[in-house]
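Numbering (the UniProt record's numbering), first residue to last: 1 to 286.
Below: the structure, in structure tokens.
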């Protein structure tokens, strides 16, 4: 084999691997899904679709607005006047834990899920997380950098203890349910790691300047690509045990692969990476 043929072979292999890593370009809708869309469009009116699209996100937006509307005192006032900050941290953690636990009613078939233990676990996780972050801030200084990062580990631990207390007997006796729950929370844990990875990236970026910042910027697409591919594969595993088994029929044509993955990695990056300091060579959006 000549040098030119060898280079062509390596080039084709690189292109093939690169295309496989581009999650957004590898999706395909199944015939069944297109037929369902056609049947739905014939069954409902355009006004009904508009109302669904407008009303569905309103509860989430309302919760976000309410949390963001909690007034905060200037950090210079000190930790003694930061009570509302910890109330806000508590409320945010409750929402996050509820968002992790409540989907288990769909992901884990047969799970004896009721709202009471979920609310108790979310409340306990939020109290422990906010108290832990307050303790760290009191010990090392206020304001506390990366407050959500500091309290997320404590909150996740308490949430796990709550799940064991509420569902331990079921999970011990149901192998399929146990596997489905583990896969679901591996996916949730991957999402949680973004709270640690992106702030760490932002910190390193802000400590550098000039050409080193440019080199660090090249790392960001790599992080996003790794997250997107991890989400795509974990999402398929977590969806495997859905009761309607719909994903089993669509798993080979990748009809669900592109939808949840790009938004999670790219959207979290946009929300997490802070505004760069004036000396930086670029500015990321919030």
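C-beta atoms are modelled at their ideal positions from N, C-alpha and C, and glycine is treated no differently.
{"Query": "Considering only residues of the region 141–214, which uninterrupted beta strand (DSSP E) runs meet the minimum length of 3 residues and lie entirely inside it, listed in chain order?", "Result": "none"}
{"Query": "Going by the CB atoms, is the gap between residue 90 and residue 130 shorter than 8 Å?", "Result": "yes"}
{"Query": "Can you tell me whether residue 246 is helix, strand or coil according to DSSP?", "Result": "Low confidence applies here, because residue 246 scores a pLDDT of 40, under 50, leaving its location unreliable and the question unanswered by this model."}
{"Query": "Compute the Euclidean distance between the alpha carbons of residue 45 and residue 186, then round it to the nearest angstrom.", "Result": "39 Å"}
{"Query": "Could you check what DSSP says for residue 110 in three-state terms: helix, strand or coil?", "Result": "coil"}
{"Query": "Check this for me: beta carbons of residue 97 and residue 121, under 8 Å apart or not?", "Result": "yes"}
{"Query": "Classify residue 22 as helix, strand or coil using the three-state DSSP reduction.", "Result": "coil"}
{"Query": "Excluding the 5 residues flanking residue 188 on each side, which residues of the same chain have their C-beta closer than 7 Å to its C-beta?", "Result": "100"}
{"Query": "Under 7 Å Cβ to Cβ from residue 34, same chain only, skipping five residues before and after it: list those, please.", "Result": "none"}
{"Query": "Between the region 167–178 and the region 106–118, do three or more beta carbon pairs fall short of 8 Å?", "Result": "yes"}
{"Query": "Is residue 125 near residue 93, with beta carbons less than 8 Å apart?", "Result": "yes"}
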